[in-house]
Amino acid sequence: MSDKPLTAAEAETEFWDHLKKSNTGMLGLDQPGYHAQPMTAFREEETGTIWFFTREDTDLAKDAAVGSGQSAMFHYGSKDQNVWACIHGNLSVHGHDREIIDRYWNPVLAAWYPEGKDDRMLTILRFDADDGRVWVNEGGFFKFAYEIAKANATDTLPDVGGVADVKLN
């Protein structure tokens, strides 16, 4: 680990900043036997809510609709591999919200909905994050490779960044 401890505030900032740059992770219910699936996250900065677009006939949408939502996990690794996170929260079905659809609509989303923004199968999932763990490794691949080589040459532990628990609600 790093000589300089990573604070929860620093870890949270790094997570949100990296999620804005590369926003795909793995989302699934926090239940035995449930497998996470790749999903694109859209963060609403004012509230911290994370939105996911899906089809209402998916298992994830059907399962998230039970009760007032379900306990869920969002696993994230940034494209540059400098930030990794496991975030816990509540996942619920928000429905077909045209304001959110208009805000985040893009060509990648459009590919999944043949009828466009009015596709009757389009629904939005709401993820309200509560806590998690974030790992931050600044310096990227070359720093990581250097630290591994140095650790093997000197019989010491590599400095691969820091980890912090975060409260996101």
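Sequential numbering of the sequence shown, starting at 76, is according to the numbering used here. We treat Cβ as the ideally placed atom computed from N, Cα and C, and that holds for glycine.
Taking Cβ to Cβ, would you say residue i is nearer than 7 Å to residue j?
i, j, result
"H171", "T198", "yes"
"S167", "A136", "no"
"M101", "H169", "no"
"G164", "A204", "yes"
"I176", "K154", "no"
"V158", "E89", "yes"
"V211", "L81", "yes"
Once the 5 residues before and after residue i are set aside, which same chain residues still bring their CB inside 6 Å of it?
i, result
"I19", "As shown, the chain starts at 76 and ends at 244. That puts residue 19 outside it, with no answer to give."
"S146", "D105"
"D240", "R208"
Could you pull the start and end residues of the beta strand (DSSP E) that residue i belongs to?
i, result
"N296", "Residue 296 is absent from the structure shown; the chain starts at 76 and stops at 244."
"T115", "112–115"
"A140", "Where A140 is concerned, there is no enclosing beta strand (DSSP E), given that its DSSP letter is neither H nor E."
"K242", "237–242"
"L104", "99–104"
Excluding the 5 residues flanking residue i on each side, which residues of the same chain have their C-beta closer than 8 Å to its C-beta?
i, result
"D132", "M196"
Taking the continuous alpha helix (DSSP H) assigned at residue i, which residues delimit it?
i, result
"L94", "83–96"
"K218", "215–229"
For residue i, I'd like the list of residues in its chain whose CB is within less than 7 Å of its CB, leaving aside the five on either flank, ordered along the chain.
i, result
"Y179", "F117, W126"
"T231", "none"
"D194", "Y188"
"A86", "V209, V211, A239, V241"
"N227", "none"
**Prompt:** Which parts of the stretch 169–203 are runs of the beta strand (DSSP E), unbroken and 3 residues or longer, counting only runs that do not cross its ends?
**Reply:** none
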